[in-house]
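Please read the structure below before turning to the comments.
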Amino acid sequence: MENILQGFRGALSLIFSGDREVYSIIGLSLSVSFISVLISMAFSVPAGIVIGMKEFPLRKTVVMIINTLMGLPPVIAGLLVYLFLSRSGPLGYLGILHTPKAMVIAQVLLISPIITGVTMAAVKDRGTLVKNTAYTLGAGKLQMLWTLIREFRTSIGSSLIAGYGRAISEVGAVMLVGGNIKRYTRVMTTAIVLETNMGNFDQAIAIGIVLLLLFFLINIILQKVQGA
Amino acid sequence: MRVQVLNLVKEYDGVRVLDIEKLSFKEGRFHVLMGPNGSGKSTLLGIIAGLVEANTGRILYSDRQRDFQAVRRDITLVMQRSYLFNTSVYNNIISGLKYRGMNKSILRERALKWAEALDLNLFLHRNARTLSGGERQRVALARALVLKPGLLLLDESTANLDPESIIIIEKVLRDFLKESGATIIFVTHNVFQAKRLADRAYLLMDGRVIEAGESKEFFSNPDSELTRGFLGGEIVY
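Protein chains in written order, with my numbering: chain E, 241 to 468; chain R, 4 to 240.
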């Protein structure tokens with residue numbers, strides 16, 4: 241028990257003293273996950289709208305695949321990206337394995353099905369009605385897309401926040417493709433694993449507290465968005 | 004805008020729901036389509052509005068026989084349960100004008116004109132989703148009228164509304180027709196309302212036009228036995 245309390249005291253001191261190491265890890269976590277969400281949003285939201293509203297051959301199969309991928313284990317996403325980016329892989333020539341870029345790719349792979357799936361479910365019932373309304377008012381294709389995004393902003397916003405939560409909390413994929421390199425690819429989750437293994441509980445707890453607070457904040461935002 | 008329907012056929016899963024050889028709607032007139040449920044009225048309106056694709060046939064718009072894309076922004080449709088965007092009444096009313104990139108002063112001028120005509124002035128800043136059914140339909144109509152459409156399609160737009168809203172909407176539609184010289188095609192189940200509004204009336208059954216005629220003739224001396232039955236309330240819809 242004393243160890244745990246000591247860990248908490250050390251953690252608070254690290255947080256409030258502005259420890260460079262801790263804050264660089266937090267900063268990298270936030271930025272990698274943010275970029276992943278931005279990239280994923282750019283194609284997952286339109287894809288969710290199209291799949292949710294259009295009838296096309298094999299639609300049911302596509303929906304089933306997306307639903308399955310929503311629960312994709314992070315290590316599998318990491319493994320896939322690793323295999324493609326490793327030196328002998330088809331994209332090995334890019335030389336981006338064990339860099340933040342590889343981490344972003346893995347996270348995009350992980351969260352895109354979530355954003356697509358939630359958007360798809362949101363537009364399924366009322367999407368056509370919104371689209372037809374915009375169409376009869378003279379909207380062009382891009383204007384219709386923007387109207388749909390605006391009308392389903394609550395659900396889409398929720399999917400983005402859920403995606404961000406998933407990205408920032410996962411450990412398996414970023415560990416595999418990022419390599420947990422100090423001050424380069426070390427993020428909060430991988431740092432917690434490492435520091436715990438090394439017995440540096442105060443550092444692990446400090447990052448854990450920040451991660452927990454961040455989740456609390458994400459949940460507050462999610463509730464606000466859903467209640468909007 | 005004059006509209007001509009030629010050899011139009013629409014089938015859903017092999018079932019023919021619309022089969023019209025020739026039908027025309029002249030500009031400056033109030034056309035009322037009647038018919039029982041499933042007679043093809045809404046499908047016809049959907050095809051004219053470009054929302055539904057016909058299996059065969061053509062729709063010609065205006066005397067210059069232009070195709071749909073050339074006139075798309077001159078046509079608008081008000082549905083029975085109109086979808087209102089999740090924003091203020093004012094923003095709903097101006098949404099079509101914004102799609103057209105109109106400047107703010109025109110937006111405001113037109114929105115206020117029709118908001119006043121449809122008695123919506125007090126609601127302009129309220130979220131449109133909080134309004135009653137009648138108020139919502141008036142917003143949907145204002146949103147259509149600000150566009151000054153050459154062809155206004157109304158699909159049972161006053162069904163199940165309160166009498167006050169119906170009176171307001173009917174008056175505004177008559178005033179709009181007088182002022183704009185547009186073409187109005189109005190679908191209704193209500194024979195009394197059809198009598199009040201129609202310059203020309205049509206009866207559709209099983210996807211076919213049973214009778215079409217000038218209002219006076221149509222209601223007082225219909226040719227078809229089916230029309231007489233429909234107007235006399237013998238055909239239950």
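All C-beta atoms, glycine included, are put in the ideal place defined by N, C-alpha and C.
What do you reckon, are the CB atoms on residue i and residue j nearer than 8 Å?
| i | j | result |
| --- | --- | --- |
| leucine 80 of chain R | arginine 132 of chain R | no |
| alanine 446 of chain E | isoleucine 305 of chain E | no |
| leucine 241 of chain R | leucine 156 of chain R | For residue 241 of chain R there is no data in the structure shown, the boundaries of chain R being 4 and 240. |
| glycine 43 of chain R | valine 18 of chain R | no |
| isoleucine 172 of chain R | threonine 186 of chain R | no |
| valine 142 of chain R | leucine 123 of chain R | yes |
| serine 280 of chain E | serine 352 of chain E | yes |
| asparagine 58 of chain R | valine 12 of chain R | yes |
| valine 35 of chain R | phenylalanine 222 of chain R | no |
| leucine 26 of chain R | alanine 147 of chain R | no |
When the cut-off is 8 Å and only beta carbons count, does residue i lie next to chain R?
| i | result |
| --- | --- |
| glycine 367 of chain E | no |
| glutamate 391 of chain E | yes |
| tyrosine 404 of chain E | no |
| alanine 361 of chain E | no |
| alanine 444 of chain E | no |
| threonine 301 of chain E | no |
| threonine 373 of chain E | yes |
| valine 290 of chain E | no |
| glycine 397 of chain E | no |
| valine 358 of chain E | no |
| glycine 378 of chain E | yes |
| valine 285 of chain E | no |
| glutamine 465 of chain E | Note on identity: in this sequence residue 465 of chain E is valine, with glutamine being the wrong assignment. Judged by the 8 Å Cβ criterion, valine 465 of chain E is not in contact with chain R. |
| glutamine 383 of chain E | yes |
| valine 370 of chain E | yes |
At the 8 Å Cβ level, is residue i part of the contact set with chain E, yes or no?
| i | result |
| --- | --- |
| alanine 52 of chain R | yes |
| glycine 153 of chain R | no |
| serine 135 of chain R | no |
| phenylalanine 28 of chain R | no |
| glycine 99 of chain R | yes |
| isoleucine 15 of chain R | First, the amino acid is wrong: residue 15 of chain R is tyrosine here, not isoleucine. Tyrosine 15 of chain R does not count as touching chain E. |
| tyrosine 64 of chain R | no |
| tyrosine 205 of chain R | no |
| tyrosine 292 of chain R | No answer is possible for residue 292 of chain R: the residues shown for chain R start at 4 and end at 240. |
| threonine 79 of chain R | yes |
| leucine 150 of chain R | yes |
| asparagine 163 of chain R | no |
| phenylalanine 88 of chain R | yes |
| threonine 146 of chain R | For the sequence presented, residue 146 of chain R should be read as arginine rather than threonine. It does: the Cβ of arginine 146 of chain R has a partner Cβ on chain E nearer than 8 Å. |
| arginine 76 of chain R | yes |
Please list, in chain order, all residues of the same chain as residue i whose beta carbon is under 8 Å from its beta carbon, the five residues on each side excluded.
| i | result |
| --- | --- |
| alanine 379 of chain E | Thr387 |
| leucine 54 of chain R | Leu80 |
| methionine 384 of chain E | Lys371, Ala374, Tyr375 |
| phenylalanine 274 of chain E | Tyr404 |
| glycine 367 of chain E | Ile289, Gly292, Met293, Leu388, Phe392 |
Might you give, ordered along the chain, the residues of its own chain that have their beta carbon closer than 7 Å to the beta carbon of residue i, omitting 5 neighbours on each side?
| i | result |
| --- | --- |
| leucine 164 of chain R | Gly136, Gly137, Gln140 |
| isoleucine 336 of chain E | Leu325, Ala342 |
| arginine 76 of chain R | Arg103 |
| aspartate 209 of chain R | Ser42 |
| glutamate 24 of chain R | Asn10 |
Classify residue i as helix, strand or coil using the three-state DSSP reduction.
| i | result |
| --- | --- |
| arginine 84 of chain R | coil |
| methionine 310 of chain E | coil |
| threonine 186 of chain R | strand |
| valine 12 of chain R | strand |
| methionine 241 of chain E | coil |
| aspartate 226 of chain R | coil |
| leucine 205 of chain R | The amino acid at residue 205 of chain R is misidentified as leucine; the sequence shows tyrosine. Correct three-state label for tyrosine 205 of chain R: strand. |
| valine 20 of chain R | strand |
| lysine 29 of chain R | coil |
| alanine 143 of chain R | helix |
| valine 417 of chain E | helix |
| valine 465 of chain E | helix |
| aspartate 158 of chain R | strand |
| asparagine 130 of chain R | strand |
| isoleucine 213 of chain R | strand |
What does a CB cutoff of less than 6 Å around residue i pick up in its chain, not counting 5 residues either side in sequence?
| i | result |
| --- | --- |
| alanine 287 of chain E | Thr356 |
| arginine 426 of chain E | Ile265, Asn420 |
| methionine 415 of chain E | Thr430 |
| serine 45 of chain R | Asp158 |
| glycine 397 of chain E | Val465 |
| isoleucine 432 of chain E | Ala444, Ile447, Gly448 |
| methionine 310 of chain E | Pro353, Ile354, Gly357 |
| asparagine 193 of chain R | none |
| valine 469 of chain E | The question about residue 469 of chain E has no answer, for chain E in this structure spans 241 to 468. |
- [ ] Report the residue ranges of all beta strand (DSSP E) runs contained in full by the region 31 to 119 of chain R; include only those spanning at least 3 residues, in chain order.
- [x] Within the region 31 to 119 of chain R, the complete beta strand (DSSP E) runs of at least 3 residues are 33 to 37, 59 to 64, 78 to 81.
TODO: Would you list, in sequence order, the uninterrupted alpha helix (DSSP H) runs of no fewer than 4 residues that lie entirely inside the region 244 to 330 of chain E?
DONE: Counting whole runs of 4 or more residues, the region 244 to 330 of chain E contains the alpha helix (DSSP H) stretches 260 to 293, 299 to 309, 314 to 325.
Task: Every unbroken beta strand (DSSP E) within the region 339 to 415 of chain E, with a cutoff of 3 residues, ordered by chain - done: none
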